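For reference, the structure is listed below as structure tokens.
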Amino acid sequence: MSEYILCLVLFCIGLYCVLRKRNIIKIIIGLGIIEYAVNLFFVLIGYRTHGRAPILAKDQQILNMVDPLPQALVLTSIVIGLAVTALIVAIAIRLYEKYGTFDITKINRLKG
Amino acid sequence: MKNNKTGMTLIVKTITRLTVGLILLYGIYIVLHGHISPGGGFAGGVIIALSFIHLMLAFGRETALKKLSQTAASVLESLGALMFLAIALLGFLGGYLFFNFFLHKGKPFDLFSAGIIPLCNIAISLKVGAGLFAIFAALILFKGSGKEE
Amino acid sequence: MELQLLLLFMIFAAVVAVEVEDLLSSVIAVGAVGLGLSLVFLILKAPDLAITQLVVEILCLIILIRATIKKDLPLLRDGRWLFNTTSTLVFIALFLIFAYFALKELPGFGQPIMRVAKEYINNGLEKTGATNIVASIILDFRGYDTLGEATILFTAVMGVLAVIRSVGRIKDEK
Chain A
19 MSEYILCLVL
29 FCIGLYCVLR
39 KRNIIKIIIG
49 LGIIEYAVNL
59 FFVLIGYRTH
69 GRAPILAKDQ
79 QILNMVDPLP
89 QALVLTSIVI
99 GLAVTALIVA
109 IAIRLYEKYG
119 TFDITKINRL
129 KG
Chain B
7 MKNNKTGMTL
17 IVKTITRLTV
27 GLILLYGIYI
37 VLHGHISPGG
47 GFAGGVIIAL
57 SFIHLMLAFG
67 RETALKKLSQ
77 TAASVLESLG
87 ALMFLAIALL
97 GFLGGYLFFN
107 FFLHKGKPFD
117 LFSAGIIPLC
127 NIAISLKVGA
137 GLFAIFAALI
147 LFKGSGKEE
Chain C
311 MELQLLLLFM
321 IFAAVVAVEV
331 EDLLSSVIAV
341 GAVGLGLSLV
351 FLILKAPDLA
361 ITQLVVEILC
371 LIILIRATIK
381 KDLPLLRDGR
391 WLFNTTSTLV
401 FIALFLIFAY
411 FALKELPGFG
421 QPIMRVAKEY
431 INNGLEKTGA
441 TNIVASIILD
451 FRGYDTLGEA
461 TILFTAVMGV
471 LAVIRSVGRI
481 KDEK
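Residue numbers (the working numbering), protein chains in the order written: chain A, 19 to 130; chain B, 7 to 155; chain C, 311 to 484.
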């Protein structure tokens with residue numbers, strides 16, 4: 019139970035960073051922390067006490083394995099997170115070149 | 007230690023010459039053994055992309071773009087995606103999507119076993135590796151339209 | 311015991327990443343959070359995820375450092391800072407309280423309900439012939455999800471190349 023609470027505290031730190039900071043790079047860092055916390059929560063749900071990794075070995079019968087289904091879902095989620103981070107960094111570089119600053123309260127022109 | 011061309015210092019260049027081929031070999035090993043030991047297409051593809059990025063960071067953009075130009079990266083990525091889609095659509099022969107059309111699955115722990123899984127791993131590694139290298143080349147070589155500072 | 315210690319280290323590194331003003335230091339602190347996460351995946355018996363998280367973290371750090379090369383002016387605090395911060399903290403505290411009640415309904419840590427995974431583990435070797443069960447799940451039992459993920463990667467690469475492309479080349483020659 020305490021592991022779930024610590025994982026949610028990590029999520030809340032990322033959420034505070036996204037809500038309260040004015041620099042775009044800090045917002046990107048907050049998004050990254052939120053994504054780590056969500057992946058960690060998925061893998062924590064599928065853990066089995068004294069379990070083994072979900073890979074078969076030669077001449078051995080493995081009776082208790084951890085749950086392999088959340089691990090398969092998180093594997094694609096990690097690579098998708100990288101693609102989204104790259105896209106948002108490209109948009110931030112373009113914004114800096116046009117406005118000259120990373121401050122989001124000064125980027126307020128809708129057109130052009 | 008003067009660098010006579012672009013890139014980093016002499017120490018970094020020497021170490022890069024020795025290790026970049028080994029990193030590429032390690033990435034290919036992780037892709038091919040994806041159905042026996044942990045790893046698979048995604049991790050192996052990212053390691054292959056990292057070896058080319060290492061080459062670009064140490065030697066400058068010209069040397070790395072001679073090895074793998076931006077057009078070649080786009081073509082390789084589309085090739086990987088089309089190969090994956092073709093393997094998926096060939097399952098219509100048996101009536102399902104992703105049908106495993108190999109008749110016998112081979113012995114476990116062999117390199118050529120497990121049906122379509124090694125072919126899918128190779129297609130995904132091509133796609134992920136070439137795509138991430140194209141993203142990196144576009145972001146680093148971005149010069150802007152000259153309105154900075 | 312090691313799990314709680316590593317989680318506390320990750321929380322500490324995340325607080326450092328959020329509060330430090332220098333951008334390069336906060337990017338390095340996010341790198342520390344990612345490496346700690348890779349170790350936690352290894353403790354939770356997920357070797358595929360540990361390898362993937364490690365290499366993806368390295369690539370993400372390189373891309374983020376590229377974005378922080380630009381210099382920026384230091385930001386000043388605007389008015390109503392106290393009201394904004396306290397309302398955010400109150401909201402986060404409410405969220406944690408309700409999440410605690412929701413977390414009590416989950417099965418305890420270490421006893422998962424493996425209703426679907428039992429089929430995959432028992433029939434995995436004879437139906438697909440692969441000894442890595444996670445690979446056989448993502449490429450044979452649930453291959454449709456991997457097709458969707460390949461589409462997302464393709465769209466992201468096209469998006470980056472479209473945003474970075476320099477526009478208006480004809481206008482610069484005036």
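Glycine residues also receive a C-beta, built at the ideal position from the N, C-alpha and C atoms. Please read all numbers here as calculations on a predicted model, not as lab measurements.
What are the partner residues of A:I73, as DSSP defines its beta bridges? Numbered from its first residue, the first sequence carries residue 73 of chain A at position 55. DSSP output for A:I73 lists C:N442 as bridge partner(s).
Start-to-end residues for the alpha helix (DSSP H) that takes in C:Q363: Start at 1 with the first residue of the third sequence, and residue 363 of chain C comes out as number 53. Note, C:Q363: alpha helix (DSSP H), 357-377.
Under 8 Å Cβ to Cβ from B:K153, same chain only, skipping five residues before and after it: list those, please. Locating residue 153 of chain B in the second sequence gives position 147, counting from the first residue. Residue confidence for B:K153 is low, a pLDDT of 38 falling below 50, so the modelled location carries little weight; the figure read from the coordinates is stated next. None.
Any idea if C:S335 is buried or exposed, counting beta-carbon neighbours within 10 angstroms, 16 or more meaning buried? To locate residue 335 of chain C, count along the third sequence from 1; it is residue 25. Counting Cβ neighbours within 10 Å, C:S335 comes out exposed, since fewer than 16 surround it.
Residues that C:L317 contacts on chain B, provided the C-beta gap is smaller than 8 Å: Working through the third sequence from its first residue, we reach residue 317 of chain C at position 7. Per Cβ cutoff of 8 Å: no residues; C:L317 is ~23 Å from chain B at best.
Cα-Cα separation between B:L61 and B:T22, rounded to whole angstroms: Indexing the second sequence from 1 puts residue 61 of chain B at position 55. Indexing the second sequence from 1 puts residue 22 of chain B at position 16. In a straight line, the C-alpha of B:L61 is about 7 Å away from that of B:T22.
Spatial distance of C:Y410 from C:F401 (CA atoms): Taking the first residue of the third sequence as position 1, residue 410 of chain C is located at position 100. Taking the first residue of the third sequence as position 1, residue 401 of chain C is located at position 91. Each residue's Cα considered, the two are about 14 Å apart.
Whole-number beta carbon distance between C:L333 and A:I52, since they are thought to touch under 8 Å: Counting from 1 along the first sequence, the entry for residue 52 of chain A is found at position 34. Counting from 1 along the third sequence, the entry for residue 333 of chain C is found at position 23. Not really, about 19 Å apart at Cβ, beyond 8 Å.
C:F351 - DSSP class collapsed to helix/strand/coil: Start at 1 with the first residue of the third sequence, and residue 351 of chain C comes out as number 41. Three-state DSSP puts C:F351 in a helix.
Applying a beta-carbon distance threshold of less than 9 Å, which residues of chain C neighbour B:A87? As a first step, residue 87 of chain B is located in the second sequence; it is residue number 81 there, counting from the start. Per Cβ cutoff of 9 Å: A460, T461, L463, F464.
Chain-ordered chain C contacts of A:L113 [CB-CB under 9 Å]: Numbered from its first residue, the first sequence carries residue 113 of chain A at position 95. Those do not exist, as A:L113 stays about 10 Å from chain C at its closest Cβ, beyond 9 Å.
Compare the C-beta of A:L74 against all C-beta atoms of chain B and say whether one is closer than 9 Å. Walking along the first sequence from the start, residue 74 of chain A turns up at place 56. Interface residue, yes.
State the start and end residues of the unbroken alpha helix (DSSP H) segment that holds A:R196. Look at the range of chain A in this structure, 19 to 130, and you will see that residue 196 of chain A is not part of it.
Tell me the DSSP bridge mates of A:M83? Taking the first residue of the first sequence as 1, we reach residue 83 of chain A at position 65. Paired residues: A:R70.
Neighbour list for B:I141 in chain A, Cβ cutoff strictly below 7 Å: In the second sequence, counting from the first residue as 1, residue 141 of chain B sits at position 135. Those within 7 Å of B:I141 in chain A are A104.
Less than 9 Å between the beta carbons of C:L345 and C:E331, yes or no? Your numbering for residue 345 of chain C matches position 35 in the third sequence. Your numbering for residue 331 of chain C matches position 21 in the third sequence. Cβ distance not < 9 Å, so C:L345 and C:E331 don't count as in contact.
Using a cut-off of 8 Å between C-beta atoms, extract the partners of A:I140 located in chain C. Residue 140 of chain A lies beyond the residue range present for chain A, which begins at 19 and ends at 130; the question has no answer from this structure.
Is A:N41 helix, strand or coil by DSSP? Numbered from its first residue, the first sequence carries residue 41 of chain A at position 23. Correct three-state label for A:N41: strand.
How should C:F393 be labelled, buried or exposed, when 16 other C-beta atoms within 10 angstroms of its C-beta is the threshold for buried? Mapped onto the third sequence, residue 393 of chain C falls at position 83. Exposed, since its Cβ has fewer than 16 Cβ neighbours within 10 Å.
Could you check if C:G458 is buried or exposed, using at least 16 other CB atoms within 10 Å of its CB as the buried criterion? Within the third sequence, the letter at position 148 stands for residue 458 of chain C. The residue is exposed, with fewer than 16 neighbouring Cβ atoms inside 10 Å.
Under the rule that 16 or more other beta-carbon atoms within 10 Å means buried, what is C:G453, buried or exposed? Stepping through the third sequence from its first residue, residue 453 of chain C is reached at position 143. When all chains shown are included, C:G453 counts as buried.
Short of 6 Å in beta carbon distance, which residues of its chain neighbour C:L364, apart from the five on each side in sequence? Order them along the chain. In the third sequence, counting from the first residue as 1, residue 364 of chain C sits at position 54. If we look at C:L364 and ignore the five residues flanking it on each side, its Cβ neighbours are S348.
Roughly how many angstroms separate the alpha carbons of C:T378 and B:S43, rounded to a whole number? The residue given as residue 378 of chain C occupies position 68 in the third sequence. The residue given as residue 43 of chain B occupies position 37 in the second sequence. Distance between the alpha carbons of C:T378 and B:S43 is about 38 Å.
Is it right to say C:K484 is buried, meaning 16 or more other beta carbons lie within 10 angstroms of its own, or is it exposed? Position 174 of the third sequence, counted from the start, is the residue given in the question as residue 484 of chain C. Here the model assigns C:K484 a pLDDT of 48, short of 50, so the residue's position is not dependable and the matter cannot be decided.
From the DSSP output, which residues share a beta bridge with C:G420? Indexing the third sequence from 1 puts residue 420 of chain C at position 110. Note: C:G420 sits in a beta bridge opposite A:R66.
With 9 Å set as the bound, which would you pick, yes or no: does the beta-carbon of A:I125 sit closer than that to a beta-carbon of chain C? Here residue 125 of chain A refers to the residue found at position 107 when the first sequence is read from its first residue. Chain C, which has no Cβ nearer than 9 Å to the Cβ of A:I125, makes this no.
Residues in its own chain within less than 7 Å of B:K19 by CB, not counting five upstream and five downstream? In the second sequence, counting from the first residue as 1, residue 19 of chain B sits at position 13. Correct list, in chain order: G13, A64, F65.
Cβ-Cβ separation, B:I34 to B:G45 (assumed contact under 8 Å), whole Å: Here the question's residue 45 of chain B lines up with position 39 in the second sequence. Here the question's residue 34 of chain B lines up with position 28 in the second sequence. 11 Å between Cβ atoms; not a contact.
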